[in-house]
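Heads up, the sequence shown is in my numbering, so the first residue is 540 and it goes up one at a time.
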Amino acid sequence: MKNFIRRNKYYLIGLFFLSGVIYFFSLPDPLFHDPYSTILVDKDGELLSASISEDGQWRFPMQMDSEVPEKFIEALVEFEDKRFFYHPGFDPIAFGRAVKQNFSADKIVSGGSTISMQVIRLSRKGKPRTFFEKILEIVLATRLELKYSKMEILHLYAAHAPFGGNVVGLEAACWRYFGRSPEELSWAEASLLAVLPNAPSLLHPGKNRERLIEKRNALLDRLWKKGLLDSLSTSLAKVEPIPDQPHPLPQQARHLLVRASNEGFDQKRIASTIDLAMQKQVELHVHDHHQRLVSNHIGNAAALVLDVETGNVLAYVGNVDRSANANGTEVDIITSPRSTGSILKPFLFAAMLDEGQLLPTSLQPDIPTIIDGFAPKNFSHDFDGAVAADQALIRSLNIPAVHMLRKYRYEKFHSLLKDIGMTTLRYSPDHYGLSLILGGSEGTLWDITGMYASMARTLNHYFNYAGSLRYSKTDFHLPTYVSYDRGETELERSTYLSAGSIYQTFNALKEVYRPGEETGWRYFDNAKKIAWKTGTSFGFRDGWAVGVTSKYVVGVWVGNADGEGRPGLTGTESAAPLMFSIFSVLPNAEWFNQPLPEMVEIEVCTKSGHRKSEVCSEVKKIAVVRKGLQSPVCPHHKRVHLSEDLMFRVNSSCEGVDKMIVKPWFVLPPIQEYYYRGKNLSYKTVPPYREDCLAVEIISPMDIVYPKEGSRIFIPKGLSGDTQHIVFESVHRNPEKTVYWHIDGNFMGTSKKNHHFGLNVNKGKHILTLIDEDGEVITRNFEIISN
């Protein structure tokens, strides 16, 4: 033998080295290739929802950094492998005893496997239970012990042991059989789960109950003898019932689970920012509110609650629950692009304040409007003539918003929306045009709620920094459902929307008593200060409501997932009540602080709301963004020269200068005045010229409502095939004046008081000319493109 070893020592060394290499690389990495369930947990690790794995098993992802419950470890080690913490993966004593038992019984009655060997067998699925396979398990088990600690091996076992049916792993078994997490196991439950993997096909909780109870109770007796339980605890544990049927897994935030799975978190444990208690409350409010909507055949609703400071999602309800008798409940509305209605108007308001193009109180036109064929209408189909910008926002009037966007430019607004978080603007600005402010684009509840949260965050953070660098553009970001560090903050002098403009926007939106954009004046009984806005899409397909406080943002959508419109499906009627009910369960939050360094007090004309001019007779002071100092002075106050009795206007052609009385007068353009004076009884029309005076107009007495300059008009045919006539409309400051109508120089007729005139006009270009009885003339060019 010595000579053999001496002659072949190099071969033997090589063989030994090769064996060592094979042994070192014998353990697969990773050890398991099983597909896992995707599970979603809340901010405290509580299970929210889970999906089954691709192979149809409930197998939760393994957590090597968590703790296997101590009760389960004690029960498992006592039942399966008493010397687990002392052997190197193979227990010769247990193995020898198993061999003896098998020879005595003349069949395999015991395998003598350690927990480490069972982990190897679980990883080598479907291998036959032969002597060679057993030897291989022993070798691999010792290698397993070299790579992993004892606790890590217990983790591997707990994550992959079969527990009957399609339940794999301790965590899945705890939720399926007991409806709670492993940390809450009792001694009886831990003992049941310790014996169950020993024969999962035989000892299923739904079958062979007596055999299962015997196994569990025998283990409890062993734990009592070991001193882990006292006699009373053992007796009580033995009378605990075993589960009859598996429990359904929790299904909170189920749409977020699907979304996260599609966004790269498949087969993972998703540690979300959801607050489980809040999630349950919001889901309940959505369910209860939906019961009231069903009568109007409104089938779907969604709600999102964000933490302002972080943008973290606190509650995510993508749709009503499956129990609702509605179609499309699987659609995640939070990520579905929908027509925005009026929900974007506050961003335009803030942007114009920020640039000094607007003051909160300045009057905006609210008159019949056609711009390149686009004819916006207010929800009420009524006109105020002129309305303060903040009131137009509060009342969600469409026509003033279009005029504001035309002044600001839709190209700039399109760019701003993308900068502050709107990801659905896939087309060029020209594709949307001025309709961008009225729902001409689609947005998601995710983006829009995040944009409101970003405004609130920017305003809050303004007070965190001293000096001139008070902004970080990174404060404008999308919401997130998983926490992460955003890194260091780079401060700048400005951002997309200033704190002052945001504060004034929120101040306007916090009005509780306001005219509903759809249903007249409404009260919402809510003690909390909330800046809120609603929106309704064309055709009553989408109802929006977003509310903001300094701590929370709540976004709500209601409607039908298939886009079916319903009468009364409006933001005010359908979405706002749900938004307020959700706010009722949120903690109170202080109102936003006013960013005084960014604001200045100025004088504005009381009647027009514009920066005061020399002519303004009544002024008031308001706080505005500093750039408001650049806003234009009041264009609506004129100096007029009146007769001594103040009844007529006069000039030097009919009155001496010493007898003229100069007085400031609030004068709106004719069309605005026509509608404004009907809503404002205190408005006084400028007096007419005295008959002996030669009128020298500096204030236009009339205007044409329709058609606008350069209009291209299509005239359809009626049901009888006859060409329909076109109705022209004009206004005059003095309703008693007669107006003479001409087309292309041809006299067509007269009108008085209500200046509407119906005409049949041939295809082609034409000139409309109006002349009043004082000789004032106004013209419009238009074109009939078909008749």
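A virtual CB, placed ideally from N, CA and C, is assigned to each residue, including glycine. Every value quoted in this text rests on a predicted model; they were computed, and no experiment measured them.
Can you grab the Cα-Cα spacing for the pair H942 / I976, in whole Å?
Distance between the alpha carbons of H942 and I976: 10 Å.
Y486 (DSSP reduced to helix, strand or coil)
Residue numbering for the chain in the displayed model covers 540 to 1326; residue 486 lies beyond these limits and cannot be assessed.
So, with DSSP's three-state summary, where would you put L586?
Here L586 sits in strand by DSSP.
Considering Y1245, what are the terminal residues of the beta strand (DSSP E) in which it resides?
Where Y1245 is concerned, the enclosing beta strand (DSSP E) starts and stops at M1241 to Y1245.
Candidates D1014, A697, I578 and I837: which alpha carbon is nearest V810's?
What sits at residue 810 in the sequence shown is Ala, not Val. When each option's Cα is compared against that of A810, the closest is I578.
My understanding is that P1246 touches R1165, with C-beta atoms under 8 Å, so please give their C-beta distance in whole angstroms.
42 Å between Cβ atoms; not a contact.
Assuming D846 contacts Y1042 under a Cβ cut-off of 8 Å, what Cβ separation, rounded to an integer in Å, is found between them?
20 Å between Cβ atoms; not a contact.
For S1037, which residues in the same chain have their Cβ closer than 7 Å to its Cβ, ignoring the five residues on either side in sequence?
Excluding sequence neighbours, S1037 sits near D893, E1137 and V1164.
Under the rule that 16 or more other beta-carbon atoms within 10 Å means buried, what is R668, buried or exposed?
So R668 ends up on the exposed side.
Under 8 Å by Cβ, that's how I've got H828 and S1076 pegged, so tell me the actual separation to the nearest angstrom.
So it is not a contact: roughly 19 Å between Cβ atoms.
In whole angstroms, what is the alpha-carbon distance linking D1344 and L767?
Given a span of 540 to 1326 for the chain in the structure shown, any question on residue 1344 remains unanswerable.
Quick check on the DSSP output: the beta strand (DSSP E) that includes F1267 runs from which residue to which?
Element bounds for F1267: I1265 to H1271.
To which residues of the same chain is A1115 closer than 6 Å at the C-beta, ignoring the five residues directly before and after it?
If we look at A1115 and ignore the five residues flanking it on each side, its Cβ neighbours are T1073 and A1084.
Mapping the DSSP letters down to three states, classify Y1035 as helix, strand or coil.
Looking at Y1035 - three-state DSSP - the assignment turns out to be coil, as it is neither helix nor strand.
Contacts around T1308, its chain only, beta-carbon distance under 6 Å, and the 5 residues preceding and following it disregarded:
The answer, listed in chain order, is H1281 and T1318.
Around the Cβ of I987, are there at least 16 other Cβ atoms within 10 angstroms (buried) or fewer (exposed)?
Buried, by the Cβ-count rule.
Could I get the ranges of all uninterrupted alpha helix (DSSP H) runs contained in the segment 967-1026, with 4 residues as the minimum, in chain order?
Within the segment 967-1026, the complete alpha helix (DSSP H) runs of at least 4 residues are 968-971 and 984-1000.
Using C-beta distances below 7 Å, list every residue in its chain close to R598, excluding the 5 sequence neighbours before and after it, in chain order.
Cβ-Cβ distances below 7 Å link R598 to D573, Y575, S576, S592, V707, G708 and A711 in the same chain, with the five nearest sequence neighbours on each side left out; the list follows chain order.
Among all the DSSP beta bridges, which residues are the ones paired with Q790?
Answer is S588, bridged to Q790.
Close-in-space but distant-in-sequence residues of the same chain around T1145 (CB under 7 Å, 5 per side omitted):
Answer for T1145: E1157, V1158 and K1159, listed in chain order.
With H, G and I counted as helix, E and B as strand and the rest as coil, what does DSSP make of I909?
Here I909 sits in coil by DSSP.
Applying the 10 Å Cβ sphere with the 16-neighbour rule, what's the burial state of N1285?
Looking at its Cβ environment, which holds fewer than 16 other Cβ atoms inside 10 Å, N1285 is exposed.
When K1292, N1293, G880 and P899 are compared against G1078, the one with the closest alpha-carbon
Answer by Cα proximity: G880.
Tell me whether F1321 is buried or exposed, calling it buried when 16 or more other Cβ atoms sit within 10 Å of its Cβ.
By the 10 Å Cβ count, F1321 comes out buried.
Throw me the rounded Cβ distance for the I1265 and V1300 pair, which I believe falls under 8 Å.
The Cβ separation is near 6 Å, so the contact holds.
DSSP state of S954 mapped onto helix, strand, coil
In the structure shown, S954 sits in a helix (DSSP, three-state: H, G or I).
Taking DSSP's pairing of strands, which residues face I1252 in a bridge?
Paired residues: I1323.
What number of angstroms, rounded off, separates the C-alpha of Y1222 from the C-alpha of G1107?
Pairing Y1222 with G1107, the inter-Cα distance amounts to about 35 Å.
Quick check on the DSSP output: the beta strand (DSSP E) that includes R1178 runs from which residue to which?
Note, R1178: beta strand (DSSP E), H1176 to L1181.
Do the segment 1198-1209 and the segment 863-883 meet, that is, are 3 or more Cβ pairs less than 8 Å apart?
Not touching, per the Cβ criterion.
Using the C-alpha atoms, what's the distance from V1154 back to M1241?
Answer to the nearest angstrom: the Cα atoms are 23 Å apart.
Can you tell me which of I1243, E1275, N864 and G1303 puts its alpha carbon nearest to the alpha carbon of I909?
Checking every option, the nearest Cα to that of I909 belongs to I1243.
Which value, in whole angstroms, describes the spacing of the CA atoms of I612 and G960?
Approximately 49 Å, taken between the alpha carbons.
Decide if the segment 1086-1106 is in contact with the segment 824-844; the criterion is three or more beta carbon pairs, one per stretch, under 8 Å apart.
A contact is defined here as three or more CB-CB pairs under 8 Å, and the segment 1086-1106 meets this definition with respect to the segment 824-844.
Quick one: grab the DSSP three-state call for E1315.
Note: E1315 maps to coil in three-state DSSP.
Rounded straight-line distance, which links the Cα of S1290 to that of E1275
Take the alpha-carbon of E1275 and the one of S1290: they are about 10 Å apart.
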